[in-house]
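Engineer: In order, the protein sequence lines correspond to chains A and B.
Under the working numbering, think of the first position of the first sequence as 1, with each following residue one higher.
Under the working numbering, think of the first position of the second sequence as 336, with each following residue one higher.
A single structure is presented below for examination.
Protein chains: 2
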Amino acid sequence: MAIGVRDVADAAGVSVGTVSNVLNNPSLVAPATAQRVQSAIDELGFVRNDAARQLRAGRSRTIGLVVLEASNPFFADLARGAEERAYTDGLIVLTANSDDDAVREQVSLDMFQQQRVLGVVISPRADPVRIQRMQEQGTHVVLVERTTTDPTVSSVAVDNIAGGQLAVNHLVTTGRRRIAFVGGPTSIRQVSDRLIGATRAIGSQQGTTLQVVETTNMTVLEGRSAGESIVAMEPSERPDGVFAANDLLAIGVMQALRSGGISIPDDIALIGYDDIDFAMSTEVPLSSIRQPSRKLGHTAVDLLLARVADPDSPAQHIVFDPELAVRESTHSTTS
Amino acid sequence: MAIGVRDVADAAGVSVGTVSNVLNNPSLVAPATAQRVQSAIDELGFVRNDAARQLRAGRSRTIGLVVLEASNPFFADLARGAEERAYTDGLIVLTANSDDDAVREQVSLDMFQQQRVLGVVISPRADPVRIQRMQEQGTHVVLVERTTTDPTVSSVAVDNIAGGQLAVNHLVTTGRRRIAFVGGPTSIRQVSDRLIGATRAIGSQQGTTLQVVETTNMTVLEGRSAGESIVAMEPSERPDGVFAANDLLAIGVMQALRSGGISIPDDIALIGYDDIDFAMSTEVPLSSIRQPSRKLGHTAVDLLLARVADPDSPAQHIVFDPELAVRESTHSTTS
DNA sequence: CGATCGTTATGAATCGTTTCAATCCAATGT
DNA sequence: ACATTGGATTGAAACGATTCATAACGATCG
C-alpha cells in the first residue's frame, strides 16, 4: 500500500540513494536523472515518511509550545509569531495548551521530549527541576513571561512595570492628576508589577496622587462594580484618570461610569491593558497598553534556535517594552 | 548521550524485548523484573523515541487539525473539543492554522501526511481532488462546516438555517413583529443560510415582516452604522426586533441604538449569533445563538476514529442544531 | 596510452523501537 | 523418571529514509 523510496527508485531505474539525493541534495544529481525521479514520485504519489527521517536524523524539525490557554489572544498571537519565525526555517510548531494545569503541562512536555523536539517554549508553572533536566537531556527551553534563577535557561518577557509607568505617565501627560488603579488580586505577578509601575510614575510627578481600587478578578463584571464604586465617591475624591489592569476591567469601568453620567474622557480619562481587539470597538474607543506578543513568540524561537545551533552559547534574557495605543478614552479634556 | 532501550536493558540485566514489554505489555513481565526495569528507566532518565515507535508501527498516534484561524473562538473551542476527545484515546492533535490561505493549507496537509497522521480534520477550502487522494493514500478526512459531493468523506456541521429560524422565532415569541436582519455580505454561506432561516421563520408566522439591512462585513463598526440607519428610520417603519448575523454586529447595533435613545429590549429586542464570551458582558447582556463548537470537534474526532477502526464503514454526515442563549436583550417588553 | 580528476550513482549500514518465533525453566501430571 | 504445560524471557528481523565510503564513467592531461 505505502509507497517508499524503494518503489520510487525501481520505477525510475535508479538506486535508493539517488532518490534520497534528489530530495535532499539535488545538486548532486544530474538534471535528467532528477527529472526522471521526480516524475516517478509524482506518479506514484510518494510521500516521505517523517518518522524514518527523524529516526535517522536523531532529532525532529519541530518546536514545542506550551501555552496556558490557546484562546487567550495573548497566547494566540504569541503562537502566531512563533509559527511565522519557525516557518522561515522550515520548522513546525506543535502547540499544546496546559489550561494552567500542572499535570497537563507535564504530559505535554513528556510528549515533546518523546518527539525529540528541538526545544520547547513554555510560559507557566514548569517545575524548575524538570526544566533543568530537560536541558540536560538535550531539549532546549525558552521561558515566556517568567524568569528563573537558573542561568542556563533563556527567557523572553514584557516589562509590566514599564507598562504601568507608561499608562500612568500618559494619563498625567494629558492633564490628569488624581489617578485610580483598578485591578487585582495583587497576588498575580503581572498585576502587582503594573501597580508598581503606576506607583513609580506617580512618585516622579509633582502633585499627582494614586488610589487603588482592588478587584478579585479581571472580568468585565468586576470592572463594572469597581466603576460603580468610583461613581459613588464624593466628587472631590473622585479620580480624573483611571488605569485598569486589563481591558476587560476597563470596559466594565467604562460601562459603569457612563451609566453614572460621567463622561469619558471629559470627566475621567480611562486606559486599559492588553489592547484586545475589542478595545477599539467600545463606545468610546479605549486607550490601552499593547504587548508585543507576536514579537515575543518570534524572539522566543530565535533564542531557541540560537542555542540549538550553539548549545554552549550563553542563555539570554530579553525584555520588551510594551507600547501605548492612544484612543479617544484618554484624549485631552476639551478645555 | 541519548539513552535507549539497549542501555536500559543492560542496566537492568534483561533483554531489550523485556524492556519493551514493560513499556507496552506489562502483564507479560514478572512484577519483580518490571520493577527492576522501571528503576533503570527512572535512573537513566530514559525517554522513548517516538520516531522509532512510529516507524515500526507504521502510523502515528496523531490527528491533524487545520483551522482557518486559531484565535477565532469558534475554532479555539473546536480544537479544544477535538483535543479532549483525542486525549481519552491517548492521541494528540496537531493544530495548524491556514489563515484562509490555500497554500498554507496545502503545506499543512503535506506535513500531516508526512507525519502519517491517523487522519485530518479540516474546515475550509481544500481542493476536493486533494482530499480524495489523501483518502486513497490512507489519510482519513473529516470536513467541518463544509459538505462535499464526495460520498466517501465524513463531515460535521451546524445548521445555520435552523439557527436563523431559532433566532427569529425567539423574537416573535417574545412579542416582536417587525424584524430586521442585519448582516452581510450574503455571499458568505453562513450569512445567507442564517437569512434563509430567518425568512422561513417569518413565513410561518402570521403578521410578521422581515427587512434586511445588508452590511459589507461583520464588525462592530459595521454594526454601528447599521444601527444608526435603524435609528434614522421613521418610527413607524422601525423594527421592534433585530437579528444580527453575528455578535460583533449586534454589539455595534446595540451601541448605536442606545446612543439614539432607543431602549433595549423595551423598544427593540436584539439577538446576535455565535455567543462569544463578550455577549454576556455588554451593557445589556446580549441574547445569542450558540454553536456547539466543542461538541463539533469532539464528534469530528469520533467520526475520524470510526473510519480508522473500520475503513470500510460508510462516511457519516452529522449536523448539529445550534442553541438559544437568552439574555436581557430579548426579554419581553415590560407590558 | 595510462594516469588523474570530477561528476554521478550505488547500496550496505544505520537510527531505536517493537514484534514474534524460539527458548528456557519450573511446576504439574502420569 | 519423563512428558507436558504455560509463564517469562530472549534476540534477531523489520520499519523506511539517510549517509557515506566506494565504484563507475567520461573527460582531460602529460
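Ideal Cβ placement from N, Cα and C applies to all residues, glycine included.
Please read these numbers as outputs of a predicted model, since none were measured by experiment.
For N359 of chain B, count neighbouring Cβ atoms within 10 angstroms of its own Cβ and tell me buried if that reaches 16, exposed if not.
Structural biologist: When all chains shown are included, N359 of chain B counts as exposed.
Engineer: Please look up how many angstroms separate the CB atoms of D7 of chain A and L44 of chain A, rounded, as I've assumed it's under 8 Å.
Structural biologist: So it is a contact: roughly 6 Å between Cβ atoms.
Engineer: From which residue to which residue does the alpha helix (DSSP H) around V343 of chain B run?
Structural biologist: Its alpha helix (DSSP H) spans residues 340–347.
Engineer: Ignore the nearest five residues each way along the sequence and tell me which others in V67 of chain A's own chain have a CB closer than 8 Å to its CB.
Structural biologist: Here the set comprises F75, L78, A79, T95, A96, N97, S98, S123.
Engineer: Just to confirm the assignment: which complete alpha helix (DSSP H) runs, minimum length 4, are found wholly within the segment 460–520 of chain B?
Structural biologist: If we require 4 residues or more, the alpha helix (DSSP H) runs fully inside the segment 460–520 of chain B come out as 463–471, 495–508.
Engineer: By the 10 Å Cβ neighbour count, where 16 or more other Cβ atoms means buried, how is V438 of chain B classified, buried or exposed?
Structural biologist: Classification for V438 of chain B: exposed.
Engineer: Step through the CB atoms of chain A and report whether any lies within less than 8 Å of the CB of V382 of chain B.
Structural biologist: Chain A, which has a Cβ nearer than 8 Å to the Cβ of V382 of chain B, makes this yes.
Engineer: Give me the Cβ distance between I603 of chain B and D575 of chain B, rounded to the nearest whole Å; I'm assuming they're in contact under 8 Å.
Structural biologist: Rounded, the Cβ-Cβ distance is 6 Å, consistent with contact.
Engineer: May I ask you to verify whether the segment 557–574 of chain B touches the segment 608–616 of chain B, counting CB pairs closer than 8 Å and requiring at least 3?
Structural biologist: Segments in contact, no.
Engineer: Roughly how many angstroms separate the alpha carbons of R200 of chain A and T173 of chain A, rounded to a whole number?
Structural biologist: If I take the Cα positions, the gap works out to 15 Å.
Engineer: Given this structure, state the Cα-to-Cα distance separating I531 of chain B from N495 of chain B, to the nearest angstrom.
Structural biologist: Near 9 Å, if we compare the C-alpha coordinates of N495 of chain B and I531 of chain B.
Engineer: Is it true that the CB of A300 of chain A sits closer than 8 Å to the CB of V144 of chain A?
Structural biologist: The answer is yes: Cβ separation under 8 Å.
Engineer: Mind listing which residues of the segment 424–455 of chain B have their C-beta closer than 7 Å to chain A's C-betas, in chain order?
Structural biologist: Of all residues in the segment 424–455 of chain B, I427, L429, T430, M446, Q448, Q449, Q450, R451 have a Cβ within less than 7 Å of some Cβ in chain A.
Engineer: On a CA-only basis, which of A:Q35, A:V29, A:N49 is nearest V5 of chain A? Give me that one, please.
Structural biologist: The candidate whose alpha carbon is nearest that of V5 of chain A is A:N49.
Engineer: Run the CB neighbour count on P322 of chain A, radius 10 Å, all protein chains shown included, and call it buried at 16 or more, exposed below.
Structural biologist: The residue is buried, with at least 16 neighbouring Cβ atoms inside 10 Å.
Engineer: Count the other CB atoms within 10 Å of the CB of P235 of chain A; is the residue buried (16 or more) or exposed (fewer)?
Structural biologist: Exposed is the call here.
Engineer: Have a look at B:D582, B:G587, B:S648 and flag the residue whose alpha-carbon is nearest the alpha-carbon of G562 of chain B.
Structural biologist: Minimum Cα distance to G562 of chain B is reached at B:G587.
Engineer: Evaluate the contact criterion for the segment 281–297 of chain A versus the segment 215–230 of chain A: three or more CB pairs, one atom per stretch, below 8 Å.
Structural biologist: The answer is no - the segment 215–230 of chain A does not touch the segment 281–297 of chain A, with fewer than three Cβ pairs under 8 Å.
Engineer: Along the alpha helix (DSSP H) that carries R59 of chain A, what are the first and last residues, could you check?
Structural biologist: Neither: R59 of chain A is in no alpha helix (DSSP H) and is coded neither H nor E.
Engineer: For P408 of chain B, return the contacting residues in chain A, with the cut-off set at a CB-CB distance below 7 Å.
Structural biologist: Result: S71.
Engineer: Quick one: Cα of D647 of chain B to Cα of V491 of chain B, how far?
Structural biologist: Each residue's Cα considered, the two are about 19 Å apart.
Engineer: Which residues in chain A have a C-beta closer than 9 Å to the C-beta of R468 of chain B? List them in chain order.
Structural biologist: Neighbours of R468 of chain B on chain A, chain order: G45.
Engineer: Thinking just about the alpha-carbon of each residue, which of A:S20, A:V168, A:V213, A:Q135 is nearest to the one in V153 of chain A?
Structural biologist: For the residues A:S20, A:V168, A:V213, A:Q135, the minimum Cα distance to V153 of chain A belongs to A:Q135.
Engineer: If we ignore side chains and look at the alpha-carbon of each, how far apart do S335 of chain A and R593 of chain B end up?
Structural biologist: Because the pLDDT of S335 of chain A is 48, which lies under 50, any placement of that residue in the model is unreliable, and the number read from its coordinates should be weighed accordingly. One C-alpha to the other measures close to 27 Å.
Engineer: Tell me, please, whether the CB atom of L390 of chain B is closer than 8 Å to any CB atom in chain A?
Structural biologist: So, interface residue.
Engineer: Please name the residue, chosen from A:L166, A:A30, A:P265, A:D275, that lies closest to D193 of chain A on a Cα-to-Cα basis.
Structural biologist: That would be A:L166, whose Cα lies nearest to the Cα of D193 of chain A.
Engineer: List the endpoints of the continuous alpha helix (DSSP H) containing E557 of chain B.
Structural biologist: Note, E557 of chain B: alpha helix (DSSP H), 555–566.
Engineer: Helix, strand or coil: how does DSSP classify V455 of chain B here?
Structural biologist: Three-state DSSP puts V455 of chain B in a strand.
Engineer: Which residue's Cα is closest to the Cα of Q441 of chain B: B:P463, B:R420, B:V428, B:G425?
Structural biologist: The shortest C-alpha separation from Q441 of chain B is found at B:P463.
Engineer: Which value, in whole angstroms, describes the spacing of the CA atoms of A256 of chain A and T186 of chain A?
Structural biologist: Straight-line Cα distance between these residues: approximately 23 Å.
Engineer: Output, in chain order, the set of chain B residues within a Cβ distance shorter than 8 Å of F181 of chain A.
Structural biologist: Per Cβ cutoff of 8 Å: no residues; F181 of chain A is ~21 Å from chain B at best.
Engineer: Between A51 of chain A and chain B, is any beta-carbon pair separated by less than 8 Å?
Structural biologist: At least one chain B Cβ lies under 8 Å of A51 of chain A.
Engineer: Mind pulling the chain B residues with CB within less than 8 Å of L296 of chain A?
Structural biologist: Going along chain B, no residue has its Cβ under 8 Å from L296 of chain A, so there is no contact; the nearest lies around 15 Å.
Engineer: How is the beta strand (DSSP E) around F578 of chain B delimited, first residue to last?
Structural biologist: That run of the beta strand (DSSP E) goes 576–579.
Engineer: Whose CA, out of B:V493, B:A580, B:G425, lies closest to the CA of V548 of chain B?
Structural biologist: Of the listed residues, the one whose Cα sits closest to V548 of chain B is B:A580.
Engineer: Kindly indicate which residue of A:N21, A:V29, A:R59, A:D266 has the alpha-carbon position closest to the one of L171 of chain A.
Structural biologist: Of the candidates A:N21, A:V29, A:R59, A:D266, the one whose C-alpha sits nearest the C-alpha of L171 of chain A is A:D266.
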